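Note that the working numbering numbers the sequence shown so that position 71 is 71, with each residue one more than the last.
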Amino acid sequence: MGNCLDSSAKVDTAQSSHATSAACICCLCYNELFLPLPGSGVPKFSIRTDRSSAPSSRAIQSFSDKSNTSSEILSSPNLKALNFNELKNSTRNFHPDSFLGEGGFGYVFKGWIDEYNFSATKPGSGMAVAVKKLKSERFQGHKKWLTEVNYFGQLHHPNLVKLIGYCLEGENRLLVYQFMPKGSLENHLFKREPQPLSWEIRIKVATGAARGLCFLHEAKSPVIYRRLTAKSDVYSFGVVLLELLSGRRVVDRTKVDTQQILVDWAIPYLRDKRQLFRIMDTKLEGQYPQKGAYTVATLALKCLSTEAKFRPKMVEVLTTLEQLVNSKKTRFVI
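Below is the structure:
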């Protein structure tokens, strides 16, 4: 959450806003980057990080919700109940300089806490965390907050960003997630970086995120977050695959009319191996294997099927990506 590119792509359960891909619930995170490196079924692949949208301390007023108590929270040995004042101090009173982004129903701030007693520490010391504070204007947000606590407080997986704890004090509702220091997939794909993501890293990011989603879908009690379904997650994942192939946003109003909607523009090229190069990210400078790219394009096309029943399961998506990672198709045979 917060910034998220850490060791093997992770699904960020903390940033649940409409992100890079149309309906994703997860954010990708990756760690095997040459630099510090998300944006559904459970997280979304990006969040807005424009500091101009950071709320002032006055804007983050609490709301009253007397009907809900801590008894609604499921017990978990690894989930900590945290103190509001400590979290407030850890983010320097939710200072704009600590602002990371805006999720589906909360503002996200970077904070620093002691990793043993969870008290606030000075910036740069202790453990960095991403603190999400429920938006005051959304009374219904308590239900979503409680859902996140109870779902992700029980789930542990290498490709899921860890929920460390929560705060339920009076009117305050906060969630504290593992901080991913290497930035969001969105930043590395769409913003000018000194070194763009290589083909291998893009495939590893996709594979790690697929593992996280597969875990959520295949759990004994599958986690289908909010109103989305497993099949809508698969569609969203297909959109993310398109983003990884093309280096383009889902919607880009700076493009000519026929190229503004990524899915509409790209699908015809996904079907033709000889035309696929037309949608490939120019920042790759041709450094990708044609067969591997076509495999990903074909997989994206299946995920983007207009009829949900024809979309593959995430376990099938994961199998395809893992085979690709382990095959010669990932090498630079152009």
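Think of the CB as a built atom: it goes at the ideal place given N, C-alpha and C, for glycine as much as any other residue. As the structure is a computational prediction, the values presented were derived from the model and not from experiment.
Check: Anyone know if the C-beta pair for Leu82 and Phe118 falls short of 8 Å?; Outcome: yes
Check: Any idea if Lys162 is buried or exposed, counting beta-carbon neighbours within 10 angstroms, 16 or more meaning buried?; Outcome: buried
Check: How do the stretch 201–221 and the stretch 259–275 stand: do at least 3 beta-carbon pairs fall below 8 Å, yes or no?; Outcome: no
Check: Are the Cβ atoms of Leu301 and Ile203 separated by less than 8 Å?; Outcome: no
Check: Mind checking who Ile113 pairs with in its DSSP beta bridge?; Outcome: Ala120, Met127
Check: Comparing C-alpha positions only, which one of Pro268, Gly124, Thr282, Val315 sits nearest to Leu244?; Outcome: Thr282
Check: Assuming Ala130 and Trp112 make a contact with CB atoms under 8 Å, what is their CB distance in whole Å?; Outcome: Contact doesn't hold; Cβ gap of about 11 Å is too wide.
Check: Rounded to the nearest angstrom, what separates Lys80 and Lys88 at their Cα positions?; Outcome: 16 Å
Check: Which residue marks the beginning of the beta strand (DSSP E) containing Asn172, and which one marks its end?; Outcome: 172–178
Check: Please state whether DSSP places Lys231 in a helix, a strand or coil.; Outcome: helix
Check: Do you know offhand how far Leu242's Cα is from Lys182's?; Outcome: 22 Å
Check: List the whole-angstrom C-beta distance separating Lys110 from Phe152, where the pair is believed to meet the contact cut-off of C-beta under 8 Å.; Outcome: The pair is not a contact, with the Cβ atoms about 19 Å apart (cut-off 8 Å).
Check: By the three-class DSSP mapping on this structure, what secondary structure does Gly101 have?; Outcome: strand
Check: Please tell me whether Lys135 and Tyr116 are closer than 8 Å, where the distance is taken between their beta carbons.; Outcome: no
Check: Report yes or no: do the stretch 139–150 and the stretch 94–101 share at least 3 C-beta pairs separated by less than 8 Å?; Outcome: no
Check: DSSP state of Glu169, grouped into three classes?; Outcome: strand
Check: Suppose you measure from the CA of Thr295 to the CA of Val176; what does that come to, to the nearest Å?; Outcome: 38 Å
Check: Straight-line CA distance for Asn68 to Lys143?; Outcome: Per-residue confidence for Asn68 stands at a pLDDT of 46, beneath the threshold of 50, marking its modelled position as unreliable; no derived number is given.
Check: By DSSP's criteria, Ala81 is part of a beta bridge. Which residues make up the other side?; Outcome: Tyr166
Check: Between Ser75 and Ala120, how many whole angstroms is the CB-CB distance? I'm expecting something under 8 Å.; Outcome: In fact, because the Cβ distance is near 25 Å, the residues do not count as touching under 8 Å.
Check: Going by C-alpha distance, which of Val251, Trp199, His156, Glu316 is nearest Val234?; Outcome: Glu316
Check: Taking the alpha helix (DSSP H) that Gln195 belongs to, which residues open and close that run?; Outcome: Neither: Gln195 is in no alpha helix (DSSP H) and is coded neither H nor E.
Check: When the Cα of Cys167 is compared with those of Thr319, Ala297, Lys309, Glu86, which residue comes out closest?; Outcome: Glu86
Check: For a quick check, are the C-beta atoms of Glu169 and Phe105 less than 8 Å apart?; Outcome: no
Check: For the candidate residues Asn78, Ser232, Lys132, Asn172, whose alpha-carbon lies nearest to that of His156?; Outcome: Asn78
Check: What is the DSSP secondary structure of Pro36, reduced to helix, strand or coil?; Outcome: With a pLDDT of 28 at Pro36, under the threshold of 50, the modelled position of this residue cannot be trusted, and the question is left open.
Check: With DSSP run on the structure shown, which of helix, strand or coil describes Lys309?; Outcome: helix
Check: CB-CB under 6 Å to Ala308, same chain, minus the five flanking residues each way: which ones, in chain order?; Outcome: Lys231
Check: Taking just the CA atoms, how far does Asp114 sit from Glu322?; Outcome: 38 Å
Check: Between the C-alpha atoms of Lys133 and Trp145, what's the straight-line distance to the nearest angstrom?; Outcome: 9 Å
Check: Taking only runs of the alpha helix (DSSP H) that begin and end inside the stretch 259–293, which ones reach a length of at least 4 residues, in chain order?; Outcome: 262–270
Check: Would you kindly report the start and end of the unbroken alpha helix (DSSP H) that includes Gln323?; Outcome: 314–325
Check: On a CA-only basis, which of Asn187, Lys122, Trp199, Gly208 is nearest Asn159? Give me that one, please.; Outcome: Gly208
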